[in-house]
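Under this note's numbering, think of the first position of the sequence shown as 85, with each following residue one higher.
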Amino acid sequence: MESEGRSATKAAEPLTRWDAVVVGAGFAGMYMLYRLRALGLRVTVLETGDDVGGTWYWNCYPGARVDVPSLNYSYSFSPDLQQEWSWPEVYSSQPDLLRYARHVADRFDLPRDIQFGTTVSRADYDEDASAWVVHTDAGGRMLAQYLIAAVGCLSATNVPDYQGLDHFEGEWYHTGRWPKGGVDLSGQRVAVIGTGSSGVQAIPVIAEQAAHLHVFQRTPNYSIPTYNAPLDPDVEREWKQIYAEHRDRDHNSAGGIYFPTPERSALDVEPEERQRLFEEGWQKGAFGMMQTFNDLRTDLRANDTVADFVRQQIKRIVKDPIVAETLCPTGYPLGTKRLCMDTNYFQTFNRPNVTLVDLRAHPILEMTPTGLRTDQGPYEFDVIVFATGYDAMTGPLLRMNITGRSGYRLAEKWQDGPRTYLGLGMAGFPNLFTITGPGSPSVLTNMIVSIEQHVDFIAEMIDNMRRRAVTRIEPDEAAEDAWVAHVYEVSQKTLYKYAESWYLGANIAGKPRVFMPYVGGLNAYRRRCDQVAARGYEGFVVTAGSVHA
Ligand code: N01
85 MESEGRSATK
95 AAEPLTRWDA
105 VVVGAGFAGM
115 YMLYRLRALG
125 LRVTVLETGD
135 DVGGTWYWNC
145 YPGARVDVPS
155 LNYSYSFSPD
165 LQQEWSWPEV
175 YSSQPDLLRY
185 ARHVADRFDL
195 PRDIQFGTTV
205 SRADYDEDAS
215 AWVVHTDAGG
225 RMLAQYLIAA
235 VGCLSATNVP
245 DYQGLDHFEG
255 EWYHTGRWPK
265 GGVDLSGQRV
275 AVIGTGSSGV
285 QAIPVIAEQA
295 AHLHVFQRTP
305 NYSIPTYNAP
315 LDPDVEREWK
325 QIYAEHRDRD
335 HNSAGGIYFP
345 TPERSALDVE
355 PEERQRLFEE
365 GWQKGAFGMM
375 QTFNDLRTDL
385 RANDTVADFV
395 RQQIKRIVKD
405 PIVAETLCPT
415 GYPLGTKRLC
425 MDTNYFQTFN
435 RPNVTLVDLR
445 AHPILEMTPT
455 GLRTDQGPYE
465 FDVIVFATGY
475 DAMTGPLLRM
485 NITGRSGYRL
495 AEKWQDGPRT
505 YLGLGMAGFP
515 NLFTITGPGS
525 PSVLTNMIVS
535 IEQHVDFIAE
545 MIDNMRRRAV
555 TRIEPDEAAE
565 DAWVAHVYEV
575 SQKTLYKYAE
585 SWYLGANIAG
595 KPRVFMPYVG
605 GLNAYRRRCD
615 QVAARGYEGF
625 VVTAGSVHA
């Protein structure tokens with residue numbers, strides 16, 4: 085029996101001892117390993133994949149690309165690294181980001197401390213040992229004083245529970261688990277379900293390969309062209325001359341990428357002038373348009389003006405007026421679901437081999453052996469692509485089956501939504517740290533900047549603990565409650581509350597509706613963390629003693 089076989093392996097597996105176990109070898113886990121090793125800790129990193137890169141390892145779907153310029157979306161911790169690395173394009177493709185991750189791993193000799201193909205199946209806090217016992221699906225057991233979750237915010241994939249999917253006779257894939265060797269879609273009848281950032285990127289590329297592509301859209305999305313281009317060597321050279329200044333500006337900005345604050349409200353200018361500025365911003369691409377006025381993300385009436393402008397653009401680009409209307413997002417403010425960045429997304433719907441299906445009007449009733457069925461009839465495919473997103477932020481942590489002090493399960497603690505102190509740790513779970521966990525700015529920012537801030541904070545806290553002979557640290561319940569209340573309070577002052585988004589857990593049936601990231605800005609958050617550290621880790625409870633790990 086398989087379970088017996090597995091437990092037999094488990095029993096035979098010796099308990100290995102570490103100072104720290106880090107889970108995940110994406111950008112967060114790699115940098116955490118680098119920092120902890122420099123402190124002299126014995127560290128092992130457990131990674132499900134067979135390579136480094138995290139998000140950029142798994143998301144190798146056609147068209148996958150970062151939507152932050154790579155000069156900003158890259159590590160800043162090593163001046164040499166940032167000088168020697170060159171990005172071919174302004175917005176890097178997934179293969180280039182993976183190449184970068186591998187380069188960093190090799191340059192800092194990281195893989196020797198990474199166990200690839202290893203998934204954490206359970207982690208239990210052992211109070212007698214003052215250490216975490218970490219179990220892996222291969223039957224491994226590890227004892228470690230510190231457990232650090234670097235599992236990413238968007239790594240627990242969500243495949244809708246459609247009746248009949250098991251009987252589909254073609255191939256199906258989720259964008260976040262795309263096969264490593266790629267998928268040859270040429271001449272195939274393909275369906276893409278989902279039109280969030282992943283779908284918006286994949287659809288134009290798949291349309292070029294497939295014989296026919298059906299796009300199944302539930303909620304239309306606001307999307308802005310990036311106008312990606314090769315990185316101008318002069319821009320790169322000038323940037324690198326003052327890299328430290330650029331990094332400093334990013335690190336102290338609200339979103340982890342610096343933009344000058346626009347001076348005017350969208351409501352303070354005449355409609356013609358506003359239109360002209362939006363046009364100009366649209367032509368700049370990406371976030372250009374959002375930088376035209378200072379209240380597009382905060383004032384509903386100002387937001388309406390930019391949302392109207394995007395709908396005009398869609399109607400201008402898409403030739404069939406019914407298709408254009410179906411693609412127009414309405415009913416939620418622009419930016420309250422993740423704003424998509426695209427290359428020829430709306431143009432793709434002018435292709436003769438692309439059909440848009442409106443799932444709002446005609447929901448999927450079931451999957452069939454040859455495709456799927458709505459009330460409009462059957463659709464037949466060779467390949468179905470699920471671009472249906474993630475059980476975001478809490479999903480990757482809950483999938484680790486974590487149990488803290490006194491048998492307190494994380495799933496139990498979070499049954500009404502995530503509760504953390506600063507998105508860094510939880511009361512009842514000593515020495516468990518989360519990189520970009522719920523309650524931190526994370527997904528609302530340039531992720532690498534947030535990752536570096538968290539890793540630096542955690543490394544310095546561990547260093548401080550060791551120097552003070554502190555064996556356990558965990559958030560104080562009252563400090564955690566106050567932070568949870570603050571995260572909620574700040575979110576209620578924004579427009580985010582008007583959208584049914586994954587930020588709120590709305591995409592997963594039964595998930596508590598709690599706005600998970602901290603929307604108060606990375607700059608404010610960083611100041612708060614610095615203050616917490618300067619005050620001797622205010623809000624954390626420490627215990628001195630010996631560790632038996
Ligand atoms: O996932 P999503 P994603 N039936 O949740 C639809 C980052 N990212 O992988 O909106 C039918 O955004 C769902 O519809 P609805 C970025 O942070 C970044 O695209 O729930 N449809 C939606 O259209 C992003 O936000 C980059 O009504 C269903 C889509 O599937 C995050 O990852 C690139 C459905 C899911 O969209 C997630 O993006 C890619 C169902 N049962 C991703 N369930 C860049 O850097 C869900 N949907 C550019």
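Ideal Cβ positions, reconstructed from N, Cα and C, are used throughout, including at glycine.
Predicted, not measured: the structure shown is a model, and the values here were computed from it.
Taken atom to atom, the span from the alpha-carbon of V402 to that of T376 is near 25 Å.
For M510, the secondary structure class from DSSP, reduced to helix, strand or coil, is coil. Per DSSP, P309 is not a residue of any alpha helix (DSSP H); the beta strand (DSSP E) it occupies stretches across 307-309. For S205 and H219, the gap between their C-alpha atoms comes out near 6 Å. The C-alpha of Y327 is placed about 10 Å away from the C-alpha of R321. With respect to the 8 Å criterion, A476 and T259 are not classified as neighbours on the basis of their beta carbons. In this structure, the ligand N01 has no non-hydrogen atom nearer than 7 Å to the beta-carbon of P462.
Put simply, the segment 280-298 touches the segment 423-437. At least three CB pairs are less than 8 Å apart. The DSSP assignment places complete beta strand (DSSP E) segments of no fewer than 3 residues inside the segment 200-277 at 204-210, 215-220, 225-233, 255-258, 273-277, in order along the chain. For P559, the enclosing beta strand (DSSP E) has its first and last residue at 554-559. Shortest Cα-Cα distance from Y429 to any of Y257, V289, I519, L130 involves V289. Relative to P522, the option among R597, S154, G340, R360 whose CA is nearest is R597. About 5 Å separates the beta carbon of L440 from that of V407, a gap short enough to meet the 8 Å contact definition. Between the beta-carbon of V152 and that of N530 there is about 5 Å, and that keeps the pair under the 8 Å contact cut. With 16 or more other Cβ atoms inside 10 Å of its own Cβ, Q229 counts as buried. For A590, there is no enclosing beta strand (DSSP E), since its DSSP letter is neither H nor E.
Take the alpha-carbon of R551 and the one of V106: they are about 21 Å apart.
L588 and H330 have their C-alpha atoms spaced approximately 32 Å apart.
The Cβ atoms of M114 and L194 sit closer than 8 Å to each other. Within the same chain, G419 come within 6 Å of R381 by CB-CB distance, once the 5 residues on both sides are set aside. Contact between the segment 539-546 and the segment 574-592 is absent: fewer than 3 CB-CB pairs across the two stretches fall below 8 Å. In the three-state scheme derived from DSSP, where H, G and I count as helix and E and B as strand, Y621 is classed as coil. In this structure, the beta-carbon distance from R503 to V568 falls below 8 Å. For W140, the enclosing alpha helix (DSSP H) covers residues 139-142. Distances taken from the Cβ of G473 to the heavy atoms of the ligand N01 include one shorter than 7 Å.
Distance from the CA atom of R619 to the CA atom of G415, rounded to whole angstroms, is 45 Å. Its chain contains Y505, P559, D560, A563, V616 as the residues whose beta carbon lies nearer than 7 Å to that of G623, once the 5 sequence neighbours on both sides are disregarded; these appear in chain order. If you check the C-beta of F465 against the ligand N01, you find no heavy atom less than 7 Å away. Placement of the Cβ of L269 at a distance of 7 Å or more from every heavy atom of the ligand N01 is found. When C-alpha distances from L384 are compared across P417, C144, G138, the shortest belongs to P417. P480 has its CB no nearer than 7 Å to any heavy atom of the ligand N01.
For S177, the closest C-alpha among the options G147, L165, D164 is that of G147. Proximity of the beta carbon of T432 to the ligand N01 is not indicated: no heavy atom of the ligand is located closer than 7 Å. Looking at R126, H446, L516, N607, the one whose alpha-carbon comes closest to that of T303 is H446.
Y474 and L238 have their alpha carbons spaced roughly 6 Å apart.
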